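Scroll down for the structure; my scribbles are underneath it.
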Amino acid sequence: MSAPERIPTGSLTPADPAVTGLLAHGELTVRGRIGEASNAALYCTVAHEGREARCVYKPVAGERPLWDFPDGTLARRETAAHAVSEATGWDLVPPTVLRDGPYGEGMVQLWIDTVPGAELLALVEEGEPGPGWKAIGLAEVGEGRTALLVHADDERLRRLAVLDAVINNADRKGGHLLPAAGDRLYGIDHGVTFHTEDKLRTLLWGWAGEPLTDEAVVVLGGLREALGDGAPLALRLGDLLAPEETGALRARVDALLASGRHPEPGGEWPAIPWPPV
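Reminder that position 270 of the sequence shown reads as 316 in my numbering, one-by-one numbering, no gaps.
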């Protein structure tokens, strides 16, 4: 018997039907646990009809209870984040499905190989950020010193900042940014999203208050249509989120279109997640 064909993850897009089928129907084999994750995150392979890929499996049974999110919903929120990302056409979230696995229902997401050396975040100990960088805020660097935390002025990050505002991401850390082959960028770990209250916490505040790009306005307009009653995305999200959460999602899209600007920190919730990376 020949070995399964291993899919090169760096060349895939979330819309690839072969990948979605593989993740949804393949046999999951647990290879290990990702130790730094706050909830159970298992490193797996998935194989189906002679094809194999690496993936992450987060079973609902391994979710840690949170005070502000309903228990047992994080996997569905991760899956919903991919559905919204797919609808934007930006392909910012790796292919993700909700399915049964060795430890029950959970989120299964394609593993992304990162490209080393990509500079997305930096610390500036003196002065202002140089060309190509956007300021986030001051960070402690030890011995009573602070430095300016900055992120790259990168159109991929700017798209992700818009997506985070749409899905109300409460935990956009630096470690959740995955630069990949082909000049691609993916965001991962979207379990704390889609809350009805404003909980946006992110490292991507560099464009706060600035006008949205023309591209973003077009994408948001298309997303609003995709969230209309009876539209495929709206029906899909209806299986993953509470009705009031889907309604709040529509309201956020409408608010972004009405303002035409990137949101600014509200002041009632910590603007930057901790730890930031």
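Just so you know, even glycine gets a beta-carbon here, dropped at the ideal spot from N, CA and C.
Being a predicted model, the structure only gives us computed values, none of them experimental.
| Check | Outcome |
| --- | --- |
| Neighbour-count burial assignment, P148, 16 or more Cβ in a 10 Å radius | exposed |
| Coil, strand or helix - H308 by DSSP | coil |
| E66 - containing alpha helix (DSSP H), residue span | The identity of residue 66 in the sequence shown is Thr, whereas the question assumes Glu. It spans P63 to H71 - the alpha helix (DSSP H) in which T66 sits, taken as one unbroken run. |
| I182 (DSSP reduced to helix, strand or coil) | strand |
| Alpha helix (DSSP H) runs wholly inside the region 173-258, at least 4 long, in chain order | 201-213 |
| Proximity to P223 [Cα-Cα], best of A164, L195 and A277 | It should be noted that the sequence gives Leu, not Pro, for residue 223. Measuring from the Cα of L223, the nearest candidate turns out to be A164. |
| For G313, the three-state DSSP class (helix, strand or coil) | coil |
| Residues near A121 by beta carbon distance below 8 Å, same chain, minus five either side | K104, P105, V106, E109, L144, E151, G152, M153 and G237 |
| Test item: CB-CB of L269 and A133 under 8 Å | yes |
| Short Cβ contact (8 Å threshold) for D210 with R218 | yes |
| Complete beta strand (DSSP E) runs within the region 68-104 (minimum length 3 residues, chain order) | 73-79 and 88-94 |
| G135, DSSP secondary structure in three states | coil |
| Proximal residues to E171 (C-beta, below 6 Å), its chain only, five neighbours per side dropped | A193 |
| According to DSSP, residues forming a beta bridge with G150 | G147 |
| Helix, strand or coil at V375 [DSSP, three-state] | The chain is shown only over 47 to 323; residue 375 falls outside these bounds and no answer can be derived. |
| Inter-residue spacing [alpha-carbon to alpha-carbon] between L246 and F240 | 10 Å |
| Beta-carbon gap between L283 and T292 smaller than 8 Å | yes |
| Residue environment, R307, which counts as buried when at least 16 other CB atoms sit within 10 Å | exposed |
| Test item: CB-CB of A99 and V161 under 8 Å | no |
| Where V299 falls, given that 16 or more other Cβ within 10 Å makes a residue buried | buried |
| A280 in three-state terms, based on DSSP | helix |
| Endpoints, alpha helix (DSSP H) assigned at V263 | D260 to A272 |
| Inter-residue Cα distance where the pair is K180 and T142 | 30 Å |
| Candidates L249, N215 and A216: closest to D199 by CA position | L249 |
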